[in-house]
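**Student:** Can you keep this structure in mind? I'll have questions shortly.
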Amino acid sequence: MKVRVVTFPGSNCDKDVGTVLASEFGASVDYTWYKDSFTDLPDLVVLPGGFSFGDYLRCGAMAKFSNAMESVVSYAKKGGKVLGVCNGFQILTESGLLPGALLHNRTLKYICKDVDLIPVAENKIAKGLQGNLSIPIAHGEGAYFADSDTLERLEKNGQVVFRYKENPNGSLHDIAGICNEAGNVLGMMPHPERAVNPYTGKMDGKQILEALLKK
Amino acid sequence: MFVAKINVTLKESVLDPQGQTVLRTLHDQGKNSVTDLRVGKYIEMKIDANSQSDAESLAKEICESVLVNQVIETYRLVVEKV
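In the order they appear, the protein sequences are chains A and B. -11 is the number of the first residue of the first sequence in this note's numbering; add one for each residue after it. 402 is the number of the first residue of the second sequence in this note's numbering; add one for each residue after it.
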């Protein structure tokens, strides 16, 4: 199983997610620097958490112009699976691979804590996930926003993947993660890679990564 | 040489928690005549172009592709000769 993790200046969860995918799932992991392109078709491409380009202008706004993102967009259009976590989710919305945008948390506070996620049964990726999942969040700009037509479309198409049990940041419809219409691009604010190792006291992230790596 | 002056603000339909927090502080100070406050950002760009209209169309293109996320933001653009 091949996984590609894209590293932007300011990414700080690239090695975390790469290490977890290699050690827990036996994946062969390649890291792609944002200036580089790729043309192969790995089983999964990950846009990791962090603060790409210092979050200047808007979170994820600069990253979308990189060579690596051009490759990610073309890979996604061929049906390749993409996971964007936290800053990766912001990059996916900025680059147009997912609809909507991430706003400042309603409280204006940076929030770092475990939250309970409810997998949405109608969604293809979430189908089969068991119970509420306890996964950490760590973000200042994680309030999901989309206009009412887009929200209606997301709900109707079953594109909402996870909702917060208790909304921490003011996300509309309690949205914690969504996928594109085809179901091959997933963006989520919580960090599943931080809930895979028993040393962290949490294992629920493993189910999510497993669901994605499943052929 | 031209200068593009760009004001970016969140759309009216988007909650602006930063603006709301500043407004609340003003109300705490008794300045209740302030009824609304939105916080945005101001961007200035110098553009070397042959004409006002060339500078304006380049500035507009940059606003819409880079500087503004039109899902959540709106902008006002003024281009002046310097």
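For glycine and all other residues, C-beta sits at the position ideal for the given N, C-alpha and C. Bear in mind that the values here come from a model prediction, so they are computed numbers and not experimental data.
Identify, in the order they occur along the chain, each residue of the same chain with its Cβ nearer than 8 Å to the Cβ of A:Val108, setting aside the five sequence neighbours on each side.
**Tutor:** Only Ala114, Gly146, Val148, Val149, Phe150 and Arg151 meet the Cβ criterion.
**Student:** Check distances from the C-beta atoms of the segment 454 to 480 of chain B to those of chain A and list, in chain order, the residues that come in under 8 Å.
**Tutor:** Correct list: Val467, Leu468, Asn470, Val472 and Ile473.
**Student:** Starting from the C-beta of A:Ala15, find all residues in its chain whose C-beta is less than 6 Å away, skip the five residues before and the five after it, and write them out in chain order.
**Tutor:** Here the set comprises Met(-11), Val(-9) and Leu9.
**Student:** Leaving out the 5 sequence neighbours to the left and right, which residues in its chain are closer than 7 Å to A:Phe77 when beta-carbon positions are compared?
**Tutor:** So the qualifying residues of the chain are Leu90, Gly175, Met176 and Met177.
**Student:** Tell me which residues of the segment 50 to 77 of chain A have at least one Cβ-Cβ distance to chain B shorter than 7 Å, keeping chain order.
**Tutor:** Correct list: empty, as no residue qualifies.
**Student:** Determine, using beta carbons only, whether A:Leu121 and A:Leu200 come nearer to each other than 8 Å.
**Tutor:** Result no, Cβ atoms of A:Leu121 and A:Leu200 do not sit closer than 8 Å.
**Student:** Give the range of the beta strand (DSSP E) segment to which B:Glu481 is assigned.
**Tutor:** From DSSP, the beta strand (DSSP E) with B:Glu481 extends over Glu474 to Lys482.
**Student:** With DSSP run on the structure shown, which of helix, strand or coil describes A:His127?
**Tutor:** A:His127: strand per DSSP, three-state reduction.
**Student:** With respect to the alpha helix (DSSP H) encompassing B:Ala450, which residues constitute its N-terminal and C-terminal limits?
**Tutor:** Neither: B:Ala450 is in no alpha helix (DSSP H) and is coded neither H nor E.
**Student:** With hydrogens ignored, establish whether the beta-carbon of A:Thr81 is closer than 7 Å to any heavy atom of the ligand SAH.
**Tutor:** Among the components modelled here there is no ligand, and therefore nothing to report on the ligand SAH.
**Student:** What residues match up with B:Cys464 in a beta bridge as DSSP calls it?
**Tutor:** Looking at the DSSP assignment, B:Cys464 forms no beta bridge with any residue, so it has no partner.
**Student:** In chain B, which residues lie less than 7 Å from A:Leu139 when you measure between Cβ atoms?
**Tutor:** Near A:Leu139 there are no residues of chain B at all, since even the closest Cβ is about 12 Å away, more than 7 Å.
**Student:** Could you name the residues that DSSP lists as bridge partners for A:Thr(-5)?
**Tutor:** In DSSP, A:Thr(-5) forms a bridge with A:Trp21.
**Student:** A:Gly88 touches chain B at which residues, Cβ-Cβ below 9 Å?
**Tutor:** Here the neighbours are Val472 and Ile473.
**Student:** Can you tell me which of B:Gln471, B:Thr436 and B:Val480 puts its alpha carbon nearest to the alpha carbon of B:Ser452?
**Tutor:** Measuring from the Cα of B:Ser452, the nearest candidate turns out to be B:Val480.
**Student:** What residues from chain A crowd round B:Thr422, counting only those whose CB sits closer than 9 Å?
**Tutor:** Correct list: Leu96.
**Student:** Helix, strand or coil for A:Tyr187? Go by DSSP, reduced to three states.
**Tutor:** Residue state, collapsed to three classes: helix.
**Student:** For A:Tyr132, does the count of other Cβ atoms within 10 angstroms reach 16, so buried, or fall short, so exposed?
**Tutor:** Buried, since its Cβ has 16 or more Cβ neighbours within 10 Å.
**Student:** Alpha carbon to alpha carbon, how far is B:Ile448 from A:Glu12? Give it in angstroms, no decimals.
**Tutor:** Each residue's Cα considered, the two are about 52 Å apart.
**Student:** Going along the segment 417 to 441 of chain B in order, which residues come within less than 8 Å of chain A, judged by CB to CB distance?
**Tutor:** Taking 8 Å as the Cβ-Cβ cut-off against chain A, the residues of the segment 417 to 441 of chain B that qualify are Pro418, Gln419 and Thr422.
**Student:** Apply the 10 Å Cβ neighbour rule to B:Met402 and answer buried if 16 or more other Cβ atoms are within range, or exposed otherwise.
**Tutor:** Per the 10 Å Cβ criterion, exposed.
**Student:** In chain A, which residues lie with their C-beta within 7 Å of the C-beta of B:Val404?
**Tutor:** Correct list: empty, because the minimum Cβ distance to chain A is about 19 Å.
**Student:** Taking all protein chains shown into account, do 16 or more other C-beta atoms lie within 10 angstroms of the C-beta of A:Thr(-5), making it buried, or fewer, making it exposed?
**Tutor:** Flag for A:Thr(-5) reads buried.
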